[in-house]
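I have placed the structure first, in the form of structure tokens, so that the comments after it can refer back to it.
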Amino acid sequence: MFFLGFLFVCFFNKISQAVVVEVNEGKMFVLLPCQYSGVIFKNHTVMWTRNDLNPKTVHRQREGGDDLREQNQCYSGRTSIRPGARDTGDFSLTLRKPTESHSGKYTCSITDGQEELTDVQLQVKGQQQTPDENTGVHHASVTTNVFLLLLLCLIMLLLSS
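Take any residue in the sequence shown, count from 1 to its spot, add 259: that is its number in this note's numbering.
See the structure below:
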């Protein structure tokens with residue numbers, strides 16, 4: 260019974276992890292986080308997308324390297340994934356010289372979108388902000404995780420009765 264509850268929490272923790280990244284326009288770059296700890300198959304594809312764009316591809320990396328043929332023109336020459344990402348599982352996206360038009364919801368997925376890893380909400384603030392403000396990263400899932408833990412406790416109490 261405890262194992263079932265543990266799986267329930269793990270499943271919902273994976274779904275609820277949304278990251279908000281804020282950066283001021285004019286910064287050299289911003290890093291959109293994406294970590295993967297599962298098995299990475301030989302023919303893997305990592306995709307960063309924005310569903311509100313056409314084409315929606317922000318960055319694609321296959322086993323042999325970057326594949327930017329279908330990349331949205333707004334991101335041309337601005338994106339990269341760290342070398343050795345396959346070995347470390349760190350598929351974080353570097354976006355150079357972010358502008359307000361880059362604000363939006365980004366999705367990192369592996370193997371042609373079959374497994375969604377994370378959603379990142381990027382907010383690029385205009386030049387009126389102080390130019391030396393640091394990039395902020397906030398985890399929006401804290402409230403959701405607390406709620407899910409309370410819900411799990413309630414379910415376990417009901418099941419043990």
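All C-beta atoms in this analysis are idealised placements derived from N, C-alpha and C, irrespective of residue type, glycine included.
Please report how far the alpha carbon of I340 lies from the alpha carbon of Q382, in whole angstroms. Approximately 20 Å, taken between the alpha carbons.
Helix, strand or coil for C367, going by three-state DSSP, please let me know. DSSP places C367 in strand when its eight states are reduced to three.
Can you grab the Cα-Cα spacing for the pair K364 / G323, in whole Å? Taking C-alpha positions only, K364 is separated from G323 by approximately 27 Å.
Within this structure, are the beta carbons of C293 and T377 separated by less than 8 Å? Closer than 8 Å, so yes.
H318 bridges to which residues according to DSSP? H318 is bridged to W307.
Using the Cα positions of L345 and K384, report the straight-line distance between them to the nearest angstrom. In the sequence under discussion, the amino acid at residue 345 is Arg, which differs from the Leu named in the question. Their backbone Cα atoms lie some 32 Å apart in a straight line.
Rounded to whole angstroms, what is the Cα-Cα separation between L290 and V278? The C-alpha of L290 lies about 12 Å from the C-alpha of V278.
Using the Cβ count rule (16 or more neighbours within 10 Å means buried), how would you classify M306? With 16 or more Cβ atoms within 10 Å of its Cβ, M306 is classed as buried.
Of the residues S360, E359, E329 and Q320, which one's Cα is nearest the Cα of P342? Looking at the Cα atoms, Q320 is the closest of the given residues.
For S419, which residues from the same chain have a beta carbon less than 7 Å from its beta carbon, with the 5 sequence-adjacent residues on both sides left out? Excluding residues within five positions, none has a Cβ falling inside 7 Å.
To the nearest angstrom, how far is it from the Cα of K356 to the Cα of D349? When rounded, the distance between both Cα atoms is 21 Å.
My guess is that E284 and T358 are in contact by the Cβ rule of under 8 Å, so how many angstroms apart are they, rounded? Contact annotation, E284 with T358: C-beta distance approximately 6 Å; criterion of less than 8 Å satisfied.
So who's on the other strand from K384, going by DSSP bridges? DSSP lists N283 as partners of K384.
For F288, which beta-bridge partners are listed by DSSP? Per the DSSP secondary-structure output, F288 pairs in a beta bridge with R355.
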